[in-house]
Amino acid sequence: MAKLKVGLQLYSLRDDMPRDPFGTVREVAEAGFDGVEFAGFYGKSALEWREFLDKVGLEVAGAHIGVNSFIGEELNKTIEYNRLLWNRNLIIPGVPEEWRRGRAGWLRFAGMLNDWSRILGGFGMRIGYHNHWEDFQPVEGELPFHLVFSNTNSSVIVQIDFGNAFSAGLGNSDIVDLIKRYSGRVLTVHVKDYSRSKGYNVAVGEGELNWVEILGALRKYGGTEWLIIENEEYPYKPPIETVKVSLKNLRNMLSTVA
Numbered sequence: 000m001a002k003l004k005v006g007l008q009l010y011s012l013r014d015d016m017p018r019d020p021f022g023t024v025r026e027v028a029e030a031g032f033d034g035v036e037f038a039g040f041y042g043k044s045a046l047e048w049r050e051f052l053d054k055v056g057l058e059v060a061g062a063h064i065g066v067n068s069f070i071g072e073e074l075n076k077t078i079e080y081n082r083l084l085w086n087r088n089l090i091i092p093g094v095p096e097e098w099r100r101g102r103a104g105w106l107r108f109a110g111m112l113n114d115w116s117r118i119l120g121g122f123g124m125r126i127g128y129h130n131h132w133e134d135f136q137p138v139e140g141e142l143p144f145h146l147v148f149s150n151t152n153s154s155v156i157v158q159i160d161f162g163n164a165f166s167a168g169l170g171n172s173d174i175v176d177l178i179k180r181y182s183g184r185v186l187t188v189h190v191k192d193y194s195r196s197k198g199y200n201v202a203v204g205e206g207e208l209n210w211v212e213i214l215g216a217l218r219k220y221g222g223t224e225w226l227i228i229e230n231e232e233y234p235y236k237p238p239i240e241t242v243k244v245s246l247k248n249l250r251n252m253l254s255t256v257a
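Following numbering that gives the first Met the number 0 from start to finish, the sequence shown increments by one per residue and tops out at 257.
Quick look at the structure:
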């Protein structure tokens with residue numbers, strides 16, 4: 000299979016990005032990442048970002064984009080921005096609280112994902128959803144994660160955030176089972192670690208997730224293209240140092256996975 004590329008979710012550097020978006024992303028490039036996943040565009044046009052990313056040698060792994068950017072007239076603006084950015088992977092990072100309260104709201108969201116998937120597919124783009132820990136808490140006897148992905152077409156990206164899943168009580172074998180269940184749809188993932196004693200305050204590879212097992216499953220079943228590191232907290236300061244340690248650890252673990 001093709002080489003797994005490693006990107007950074009720029010939320011990891013959320014305090015630095017508003018002050019100096021280009022300078023911060025340049026540091027990401029210098030650290031050795033293949034690409035970035037956006038969490039906001041910091042007032043820059045798509046062409047400004049495209050020119051800068053070309054200059055520093057980074058690809059676009061994706062972007063986290065709120066639900067409202069796909070509704071009504073905003074959808075065309077979203078498509079045009081991401082077309083100019085050369086971004087194929089448009090990921091919804093969460094849904095409004097009122098949709099999360101019952102099964103009907105989650106099924107409504109799944110239907111919207113199907114509609115948007117068909118529209119975006121005409122532009123060579125893909126839509127997906129990123130899980131939070133709440134997605135593994137039952138709603139009317141069913142897990143929202145499965146309500147969404149069992150009722151969406153195979154073009155909808157299953158972006159598993161492994162740290163969020165583990166924090167919700169899933170074990171390593173449960174996470175591997177998720178990858179198998181949605182085989183071929185786990186195109187981008189969030190490589191985030193978790194420790195029951197330290198929470199998210201660990202670099203990738205220094206928590207409790209069995210990354211070798213997970214990476215092996217992604218290679219075999221996931222159809223995965225991008226491993227996207229995300230650090231919510233920073234055991235090493237400044238934050239870019241935690242990012243660098245996470246990247247080093249992930250690269251080392253990748254080298255052991257067939």
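For glycine and all other residues, C-beta sits at the position ideal for the given N, C-alpha and C. Since the structure is predicted, the reported quantities are computational estimates derived from the model, not experimental observations.
Alpha carbon to alpha carbon, what distance is there between residue 179 and residue 139?
-> Here residue 139 corresponds to residue number 140 of the sequence shown, with the count starting at 1. Here residue 179 corresponds to residue number 180 of the sequence shown, with the count starting at 1. Taking the straight line from one Cα to the other gives about 25 Å.
Beta-carbon proximity list for residue 220, same chain, < 7 Å, skipping 5 on both sides | Position 221 of the sequence shown, counted from the start, is the residue given in the question as residue 220. Counting only Cβ-Cβ distances below 7 Å, and skipping sequence neighbours, we find 178, 179 and 182.
Determine, using beta carbons only, whether residue 128 and residue 162 come nearer to each other than 7 Å.
-> Sequence index remark: in the sequence shown, residue 128 carries index 129 (1-based). Sequence index remark: in the sequence shown, residue 162 carries index 163 (1-based). No, the Cβ-Cβ distance between residue 128 and residue 162 is not below 7 Å.
DSSP state of residue 21, grouped into three classes?
-> On the sequence shown, residue 21 is found 22 positions in, with the first residue counted as 1. It is helical.
How would you write the range of the alpha helix (DSSP H) that residue 51 sits in, first residue to last?
-> Stepping through the sequence shown from its first residue, residue 51 is reached at position 52. Per DSSP, residue 51 belongs to the alpha helix (DSSP H) from 45-55.
Output yes if chain D places a C-beta closer than 7 Å to the C-beta of residue 40; else output no.
-> No chain D is part of this structure, which consists of one protein chain only.
C-alpha gap between residue 154 and residue 196, whole angstroms | Mapped onto the sequence shown, residue 154 falls at position 155. Mapped onto the sequence shown, residue 196 falls at position 197. Roughly 37 Å separates the two Cα atoms.
Distance, residue 30 Cα to residue 252 Cα | One-based indexing of the sequence shown puts residue 252 at position 253. One-based indexing of the sequence shown puts residue 30 at position 31. Cα to Cα, the separation comes out at about 17 Å.
From 151, 75 and 132, residue whose alpha carbon lies closest to that of residue 106 = Residue numbering aside, residue 106 sits at position 107 when the sequence shown is read from its first letter. For residue 106, the nearest C-alpha among the options comes from 151.
Residues near residue 4 by beta carbon distance below 8 Å, same chain, minus five either side | For the purposes of this step, residue 4 is identified with residue 5 of the sequence shown, where counting begins at 1. Excluding sequence neighbours, residue 4 sits near 33, 34, 58, 60, 224, 225 and 226.
Have a look at the DSSP bridge pairing and note the partners of residue 227.
-> Translated into the one-based positions of the sequence shown, residue 227 becomes position 228. Paired residues: 6 and 189.
Comparing alpha-carbon positions, which option in 88, 75 and 95 lies nearest residue 36?
-> As a working note, residue 36 is residue 37 in the sequence shown. Among 88, 75 and 95, the Cα nearest to that of residue 36 is on 88.
What's the C-alpha gap between residue 2 and residue 216?
-> One-based indexing of the sequence shown puts residue 2 at position 3. One-based indexing of the sequence shown puts residue 216 at position 217. Looking at the two C-alpha atoms, the distance is approximately 14 Å.
From 8, 43, 67 and 7, pick the residue whose C-alpha is nearest to that of residue 20; which is it?
-> Counting from one through the sequence shown, the residue named residue 20 turns up at place 21. Minimum Cα distance to residue 20 is reached at 43.
With 16 other CB atoms within 10 Å as the buried threshold, where does residue 77 fall?
-> What you label residue 77 is simply residue 78 of the sequence shown in a count that begins at 1. With 16 or more other Cβ atoms within 10 Å, it is buried.
Looking only at its own chain, which residues have a Cβ that is under 8 Å from the Cβ of residue 13, when we skip the five neighbours before and after it?
-> Stepping through the sequence shown from its first residue, residue 13 is reached at position 14. If we look at residue 13 and ignore the five residues flanking it on each side, its Cβ neighbours are 38.
Of the residues 173, 9, 51 and 142, the one placed nearest residue 84, counting alpha carbons only | For the purposes of this step, residue 84 is taken as residue 85 along the sequence shown, with counting starting at 1. Taking only the C-alpha atoms, the option nearest residue 84 is 51.
Length-filtered (4 minimum) alpha helix (DSSP H) runs lying within the segment 89-124 = 96-99 and 102-120
Given that a residue counts as buried once 16 or more other Cβ atoms are within 10 Å of its Cβ, and exposed if not, what is residue 134?
-> For the purposes of this step, residue 134 is identified with residue 135 of the sequence shown, where counting begins at 1. Flag for residue 134 reads buried.
DSSP three-state call for residue 194: helix, strand or coil?
-> The residue labelled residue 194 in the question sits at position 195 within the sequence shown. Three-state result, residue 194: strand.
Proximity winner among 66, 246 and 108, relative to residue 27 (alpha-carbon distances) | Working through the sequence shown from its first residue, we reach residue 27 at position 28. Minimum Cα distance to residue 27 is reached at 246.
Looking at the structure shown, is residue 34 part of a helix, part of a strand, or coil, going by DSSP?
-> In the sequence shown, the residue the question calls residue 34 occupies position 35. It is a strand residue.
Are residue 176 and residue 130 touching if we call contact CB-CB under 7 Å?
-> Numbered from 1 along the sequence shown, position 177 holds the residue referred to as residue 176. Numbered from 1 along the sequence shown, position 131 holds the residue referred to as residue 130. Result no, Cβ atoms of residue 176 and residue 130 do not sit closer than 7 Å.
What span of residues does the beta strand (DSSP E) with residue 156 cover, start to end?
-> In the sequence shown, the residue the question calls residue 156 occupies position 157. Start and end: 156-158.
The alpha helix (DSSP H) with residue 131 in it runs from where to where?
-> By one-based count along the sequence shown, residue 131 stands at place 132. No alpha helix (DSSP H) holds residue 131; DSSP gives it neither H nor E.
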